[in-house]
Amino acid sequence: MAKRVNSRKSILAIVFIGIIALWLQTIPSPSSAGNKLRQSAVKVYSQILEEERTILVSLPDGYESAEKSYPVLYILDAEGETLFPKCISTVMDLNKKDLAPEMIVVGIWNTDRNRDMIPEAVSHRPGSGGSKNFLNFIKQELMPYIQKNYHASDYSMLFGMSNSALFAVYALLEKPTTFKAYIASSPMIGHCPDYMHNKAEAFIEKNHLNGKLLYMIYGSEDSHRVTAYVPNFQNYLNSHAPEGFSSKLEILDGEGHVPDGSLFRGLQFIFNH
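7 is the number of the first residue of the sequence shown in our numbering; add one for each residue after it.
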């Protein structure tokens, strides 16, 4: 009888040890726990847009113990499964090569892309024309939220692609002080070319672009709404913008819409100044 009891105790002890070992395996290591902490999704309610927006936030390695503030890169169209991680990887790669500093990366998910990204109402994009409110949301609600809750410096950048690249250029012309630098990959200027030209003309005359940086890029096989309008727009900026404004346009031969490496090249341009 005593042997049976001892045998049961031994079995229970083995089972208990196994449970403990399994439990220990599920506890995240300090590094993996840190990774979970540094990349998170938050909900921000916008009074301006009257809706809740999903925001992704990625913090640099060592953020928790660092006593410093970081520049902030805002990414539009961030709801794609691969886009945001790819942007974070690009930022880390540039930092490892000493081509850019560590930074906080903030991704903004879409709710109504036509409304938010196209500044003028156009018939071929139903619901378009709400960029002003979306920009006000970023400037008046989102950026103060990031400043309050994270170690963010006042150096901020905006990256957009296709329609959101059009928005990035619009944001530069509408409220130039919102960001220090703007990266636009395949900006769809052709959605509303006259509107964008008039906007550029108005703000250049007021000298509001002094000290700002704009990087645009597209492929030679890109959309007609890019290739037929962006070069003339860039030429106008170069010939009329104030001396303190710096812009660059790259056209990649053989590439299509939103070329790979757009963010990498754009950040290189920004941090070479």
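We put the CB at the ideal spot given by N, CA and C, even for glycine.
Span of the alpha helix (DSSP H) around residue i
{"i": "residue 96", "result": "89-102"}
{"i": "residue 143", "result": "137-143"}
{"i": "residue 272", "result": "268-277"}
{"i": "residue 46", "result": "From DSSP, residue 46 is part of no alpha helix (DSSP H) but of the beta strand (DSSP E) over 45-52."}
{"i": "residue 152", "result": "149-155"}
8 Å CB neighbourhood of residue i in its chain, flanking five on each side removed
{"i": "residue 274", "result": "100, 105, 106"}
{"i": "residue 303", "result": "Here the chain comprises residues numbered 7 to 279, so residue 303 is not present and cannot be evaluated."}
{"i": "residue 90", "result": "62, 64, 81, 84, 111, 113"}
{"i": "residue 262", "result": "225, 227, 228"}
{"i": "residue 231", "result": "194, 195, 196, 197"}
{"i": "residue 152", "result": "63, 78, 110, 112, 158"}
{"i": "residue 35", "result": "Caution applies to residue 35, whose pLDDT of 29 falls short of 50 and renders its modelled position unreliable; the model cannot decide the point."}
{"i": "residue 253", "result": "219, 220, 221, 222, 240, 243, 244, 247"}
Neighbourhood of residue i by C-beta, 6 Å cutoff - its chain only, sequence neighbours within 5 removed
{"i": "residue 187", "result": "163, 219, 276"}
{"i": "residue 217", "result": "250"}
{"i": "residue 54", "result": "139, 142, 143"}
{"i": "residue 246", "result": "210"}
{"i": "residue 174", "result": "164, 166, 188, 190"}
{"i": "residue 134", "result": "120, 124, 127, 128"}
{"i": "residue 40", "result": "Confidence at residue 40 is low in this model, with a pLDDT of 37, below 50, so its placement is unreliable and no value can be given for it."}
{"i": "residue 67", "result": "none"}
Which of helix, strand or coil DSSP assigns to residue i
{"i": "residue 30", "result": "Because residue 30 sits at a pLDDT of 32, beneath the cut-off of 50, its placement in the model cannot be relied upon, and the following sentence gives the value as read from the coordinates. If DSSP states are grouped into helix, strand and coil, residue 30 belongs with the helices."}
{"i": "residue 237", "result": "helix"}
{"i": "residue 62", "result": "strand"}
{"i": "residue 75", "result": "coil"}
{"i": "residue 180", "result": "helix"}
{"i": "residue 123", "result": "helix"}
{"i": "residue 264", "result": "coil"}
{"i": "residue 242", "result": "helix"}
{"i": "residue 196", "result": "helix"}
{"i": "residue 174", "result": "helix"}
{"i": "residue 214", "result": "coil"}
Boundaries (first-last residue) of the beta strand (DSSP E) holding residue i
{"i": "residue 222", "result": "219-225"}
{"i": "residue 160", "result": "158-167"}
{"i": "residue 205", "result": "Note, residue 205: premise wrong, no beta strand (DSSP E); alpha helix (DSSP H) at 199-211."}
Bridge partner(s) assigned by DSSP for residue i
{"i": "residue 80", "result": "112, 164"}
{"i": "residue 188", "result": "164, 220"}
{"i": "residue 258", "result": "225"}
{"i": "residue 253", "result": "220"}
{"i": "residue 128", "result": "131"}
{"i": "residue 57", "result": "52"}
Short CB-CB distance (under 7 Å) between residue i and chain C
{"i": "residue 228", "result": "This model lacks chain C altogether; it includes just one protein chain."}
Cutoff 7 Å; reference residue i; Cβ partners in own chain excluding five residues on either side
{"i": "residue 172", "result": "123, 124, 193, 194, 195, 197"}
{"i": "residue 170", "result": "82, 83, 123"}
{"i": "residue 269", "result": "93, 96, 165, 189"}
{"i": "residue 234", "result": "196"}
{"i": "residue 131", "result": "120, 124, 197"}
- Give a yes or no on contact between the stretch 87-98 and the stretch 122-133, applying the rule of three or more CB pairs nearer than 8 Å. no
- Message: Contact between the stretch 224-238 and the stretch 177-187 is defined here as three or more beta-carbon pairs at a separation below 8 Å; is this criterion met?
- Response: no
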